[in-house]
Amino acid sequence: MNDFNQSIKVFSNNINGLNAPTKRKRVYNYLKKNNFDVIALQEVHIKQSHAEYLINDNLGKLYHSLDREKKKKGVALYINNKLNPSLEFKDNEGRIVAAKIESNSETILICNIYAPNGPKRKFVKNLRNHIRDSDFNHIIIMGDFNGILEKNRDKKAYKKTITNNMLPQNFIDLKNEYDLHDSWRLRNPTQLDYTFYSSRHNSWSRIDMIWVSKLLTTKINKVEILARDLSDHGAMLMEVNKKKINLKWRLNDDLIKREEDIVKIRQMTKEYFKFNNIQESDPLIIWDAYKAVARGFFIQQKKLKTRRRKENLKRLQIQIEQKEKALKANPGNNKINQQLTILRNQKKNLELDNLANQIKWAKQYSFENANKPGKWLARILRKKRYSQQVLKINSQGRTVYTDEEIKEEFKKYYEHLYEKEGISQEEIVKYLCKQKLQKITDEQRLDLNKAITPEEVKEAIKETEANKAPGLDGFIAGFYKIEQEEVIAHLVQIMNLVLTESIIPKTWSEAEIIMIHKEGKDQSDVKNYRPIALLNTDYKLFTKIMAKRLSKFLNNWIADDQSGFLPNRSTKDNIRIIIDAIEYYEYNHQKTVGFLALDAEKAFDQLNWDFIKLLLRELDMGAQFQNTINAIYTQQEATIRVNGQTSGKFNINRGARQGCPLSPLIFILTLEILLRSIREDSKLVGIKVDSQEIKVRAFADDVICIIENPRDNIRIWLNKIEEFGKLAGFKINKDKSVMLTKNLTPLDLETIKEETGLQFANKIKYLGIWIATKNNRLLELNYVRKWKEIKKDLEEWKNLKISLLGRIATVKMSVLPKMLYLFRNIPIIRNNQIFNNWNKDIRKFVWNNKRPRIKLSTMLTPKERGGLDLPDLKLYHEACALDWIRDWANLKKAKNLSLEGYNLRRGWHGYLWYGKHKIERNFGNHFVRSALLKTWIKYKRFFYEKTPLWLSPLEAYQRRELGWISWPTYKEVLNWSNRNGLPEIKKLEEIQIKYKNISWLHYYQLRDCFRADKKQGFSPSDEFWDIILHREKKVLTILYNKLVEWSTEKEVIKESMLKWSRDINRPILINEWEAIWNKKIKYCRATDLKENWIKMIHRWYLTPKKIALMYSNIDNKCWRCKEHVGSYFHMWWSCKKVKKFWSIINVKSRKILKINLECKPEYYL
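Quick note: the numbering used here has the sequence shown finishing at residue 1319, numbered continuously throughout.
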């Protein structure tokens, strides 16, 4: 059983007494006869002094918890010795006993419980604390729960009873916290069966259960409720068949870290290519063979290292034993004692090195990373939820539960999904010809088709994450980061062969597909999983290079209606357009509109390869680029990996592999044909504002069509979409495609539904944002709903053992990203009370429902200025609002601005700078504009005191009359080169070089504005807001940091800083504090010690003096000396008893560091 590769038979029963010898013998005979591996008995009714009654070697190793005084309660656990069991914990009340089975680096914790018949809160708390302190991979909790999970299905009474034996909420919370499943109910979702009959209440109930962790559910072969033969409770029987998972080889990154190992690898590589890279040999075969040789080399090196480590450990153990004998013979020999200490440390270091990988994956080096917002903390918070274990699959009217059956269902589904459809290439060619697509330019073609260089390969290697999941060959990107010249040279040769000959190594066509469940969808349906292809790193390096080239081309070729997978495009523009459109139709209620959110069924997986190839030919993308696509999309193979099991290979004949860097770009390139045909078809009507028309918005395959007058036009739209979808593989699921309508009558809706079969809703979810027919519902549908989820998470996490910094990191990692997504897409909050309530909940979690010991302003201050860097949600929201306002200032996004300002008489700069919103009240009668303007007014004085140079006076006053796309700004029309250094307006001829449509009238208007603004003066062009206007990356971070700086500028000198100065009797300069915050705190790598240092700086710890101020009956004297007032400085430094401790520390420090170190508080505190 060492690898859990055989069946485990589990038996659990409330035996209701084993005191009677006759019954005991009968029970033991039954258990022995059935050869159970794990036996859990409850209510054995044997007290501690009679524990020997329970010993029975035939049943396995015994663990028990018994009452000390009475023959009541009592739980016993027998585990077969071949399972290598060990006691983990037990209570002293005869209610809980737990043991562990450890094997093959996996651990199952087995808990046998007998819950109280009455209140269970104290019992559950005790159980939770024990489990929380244990380390395990899987858990089984079984026994008599003395309560039921569901009233309707787990209890049957012949008359109504007052008693409620539902399990309490904290028991349910424990079940959810560890992602446990009721094994019997999982396999019998509709069946009714019970384990206990109460004669008193004349009722049946299922109070005996076996709960198992999610990863074990698919390993269960059988789970049954047995007849009440041995007791008045029906026994539970479960068989677990946890087969050993054959792990695929993956390069251990420890083998490529040390310089001596890298030298060996380079030598091996050099020798291989020297003898094998000959002209007659196929470069592709040479490359695949090289990877096989390298794999064998690494396996050999790993074995050698393991063998040497064992030999060294054995040698050190012998030396330690010899020194121990010598020390026993000569106890006073200090030299032997020192040698023994050195040997023990050497052995300890070797053992730690041996455990390094386990520690790394299990705890992510908790010494360094505990409480950081990294993988280690993420695992603590989500270890019960993140697993992609598939419990069951519903297929053709039946449900399958085992790993083998689940694996086969996935294989069957995807094998069929990836079959090629018989679509005529002639039809595709005719369709593409109708689109009248323009050929790409010679410059673009040259850029796509040029030979790949070593520099491009090195850049791709540099950009690839070193430890990202590899493909079937097992080579992580870290292997290529060694930068072996022979490897890079051969990769360049192979990649250029793909371009010229359209051939790829066989391993590049292979993939292992893993399943990622789509959140919120039914987990038992194979369609609700996203297939992610794990591809070989060398293939991904090649496609990364080609994707970079293609991305550069597509950024210019694809219109701004598509915001997915291209630089400087994001979801916020799509959401903004939809929200503004709803506002537009709220105002123009005489017009009707439908927002059709298309649901394309498996859009990436059904993409037609012929359509892609013929499209590239139609665009004349170049021979080399077409060779690349032809090589990739000709023949592919894959296996499915689910629940640790791998299926057999099957062919892929269509679709873009999710996981390939090229796939998303190939998809949006194909989809752009549909988007273009919609834009250019005059029969398809969208929103028309000024000279702009908006018909469709897309983020990859998330497409939303804005259809004006849908009753008359919907069929034309659907025909256009279906014509494309039939040929390209973009098939619309009408059952899931939803339309949100505005200003339509019920009769219109009924007409559309009958004609199209589309679904209608009063709200839709687009790109993760709920949108309704009224924008005033955005807050409720998104922010209120999301905060309820977050609040529930915070409630679950409150029992986790996370320190102060860990809780702040939790907020950063798990709360902030969720809220930030909403802020970025809908920064429409105007009520500050909402932020106050959110901050209250966050502070409650951070301080674990206790009174805060550090001021909020200090908590929000960045670490570089002595704070704790707690996120300020209000400031993040304001930073996102300012990011939206950038569009008003730089005037680049014409469609957004035309739609958002559809009813404005003046230009955006008039409202931003000249305060025209005070005159034109209509500006505030808009859901988006009013929220954004409020933020701008708050921070305008921080940005500028004088007139900014980005200001365009003509746009401010004549945007509606002139309707231009680009506008002259002060920066472009002012001349600063005169002698006095004052700005002057340029001559008309100079301005007309760039802006040819400016007339003399416009020039005079511009000059009048200049004269008025000149009185206030002009700001330099390098002000903070000017810099923000021209940035594309990290805008939000820079804005937030600036807002935090402004909001906490009064916190430069903190109260704790003044107190420390008084305590050490000298001023502590600000540069000394900055050195502590930014430099000295990095001297220590252990986060726990850093946290202690931060708490010390902020005087976090409670002292007698502080407690006495809180409670009048508490003495304020020092706990140690009982003489002086227990102030902070006294408790930590000046108390005579503490002084002795610091003196010892000082002596040791001087000895270790070999310097003359004074015993000062600033050194040690």
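A virtual CB, placed ideally from N, CA and C, is assigned to each residue, including glycine.
Beta-carbon proximity of N235 to H199, cut-off 7 Å: no
Can you tell me the Cα-Cα spacing of L1051 and H1080, whole angstroms? 13 Å
Quick check: the region 663-681 against the region 634-652, are at least 3 beta-carbon pairs closer than 8 Å? no
Going by Cα to Cα distance, which pick from K368, Y268, R341 is closest to I293? K368
W358, enclosing beta strand (DSSP E) - first and last residue: 357-359
Helix, strand or coil for E737, going by three-state DSSP, please let me know. In the three-state reduction of the DSSP assignment, E737 falls in the helix class, which pools H, G and I.
Is the beta carbon of K746 less than 7 Å from the beta carbon of N863? First, the amino acid is wrong: residue 746 is Thr here, not Lys. It is a contact, given that the beta carbons lie within the stated cut-off.
Quick one: give me the first and last residue of the beta strand (DSSP E) that Q748 is part of. The sequence given here has Gly at residue 748, not Gln. Counting along the chain, the beta strand (DSSP E) containing G748 begins and ends at 747-752.
Cutoff 7 Å; reference K225; Cβ partners in own chain excluding five residues on either side: Answer for K225: N173, H199, I200, K201, listed in chain order.
Helix, strand or coil, according to DSSP, for D308 in the structure here? Helix.
Using C-beta distances below 7 Å, list every residue in its chain close to L380, excluding the 5 sequence neighbours before and after it, in chain order. Take L380, set aside five residues on each side of it, and the residues of its chain with a beta-carbon closer than 7 Å to its own are G388, A389, L391, in chain order.
Outcome for Y1237 when other beta-carbon atoms lying within 10 angstroms are tallied against a minimum of 16: exposed
How long is the line joining the alpha carbons of E637 and Y426, rounded to whole angstroms? Rounded to the nearest angstrom, the two C-alpha atoms are 16 Å apart.
Buried or exposed for K1187, going by 16 or more other Cβ atoms inside 10 Å? exposed
According to DSSP, residues forming a beta bridge with H671: Y683
Neighbour-count burial assignment, R1019, 16 or more Cβ in a 10 Å radius: By the 10 Å Cβ count, R1019 comes out buried.
For a test of the three-state rule: what should DSSP assign to W1200, helix, strand or coil? Helix.
Straight-line CA distance for R1304 to D442? Take the alpha-carbon of R1304 and the one of D442: they are about 59 Å apart.
Measure the CB-CB distance between N979 and K726 and report whether it falls below 7 Å. yes
Can you check the region 169-212 for any beta strand (DSSP E) of at least 3 residues that lies completely inside it and give the ranges in chain order? Runs of the beta strand (DSSP E) lying entirely within the region 169-212, each at least 3 residues long, are 192-196 in chain order.
Looking only at its chain, what residues have a beta carbon closer than 6 Å to the beta carbon of R536, apart from the 5 residues adjacent to it on each side? For R536, the pLDDT reaches just 44, beneath the cut-off of 50, and the residue's location in the model is therefore unreliable, although a value from the coordinates is still provided. Counting only Cβ-Cβ distances below 6 Å, and skipping sequence neighbours, we find nothing.
Of the residues D856, H570, L974, which one's Cα is nearest the Cα of A792? H570
Could you tell me the alpha carbon to alpha carbon distance between F452 and F629, rounded to whole angstroms? 11 Å
A1033: first and last residue of the uninterrupted alpha helix (DSSP H) it sits in: 1027-1044
If we require 4 or more residues per run, which alpha helix (DSSP H) segments fall completely within the region 1069-1133? 1081-1097, 1107-1116, 1124-1127
Under a three-way DSSP split, which group does K896 fall into? strand
Quick check: what's the CA-CA separation for W530 versus K966? Low local confidence applies: a pLDDT of 43 at W530 is under 50, so the model's placement there is unreliable, and no value is given.
Cutoff 7 Å: Y444 Cβ touching any chain B Cβ: The question asks about chain B, but that chain is absent: this structure has only one protein chain.
Using the Cα positions of S957 and H1252, report the straight-line distance between them to the nearest angstrom. 16 Å
Confirm, please, whether the CB-CB distance from N867 to E755 is below 7 Å. Going by C-beta atoms, E755 is not nearer than 7 Å to N867.
Going by the CB atoms, is the gap between A1035 and L1086 shorter than 7 Å? yes
Sequence-distant residues of the same chain with beta carbon closer than 6 Å to Y1157, five excluded per side: L1142
Can you give me the C-alpha to C-alpha distance between K309 and Q345, rounded to a whole angstrom? 12 Å
Minimum C-alpha distance to T349 - residue among N330, F299, P322, D995: F299
With a 10 Å radius around its C-beta and 16 neighbouring C-beta atoms as the bar for buried, classify W662 as buried or exposed. buried
Would you call T1012 buried or exposed, if buried means 16 or more other Cβ atoms sit within 10 Å of its Cβ? With 16 or more Cβ atoms within 10 Å of its Cβ, T1012 is classed as buried.
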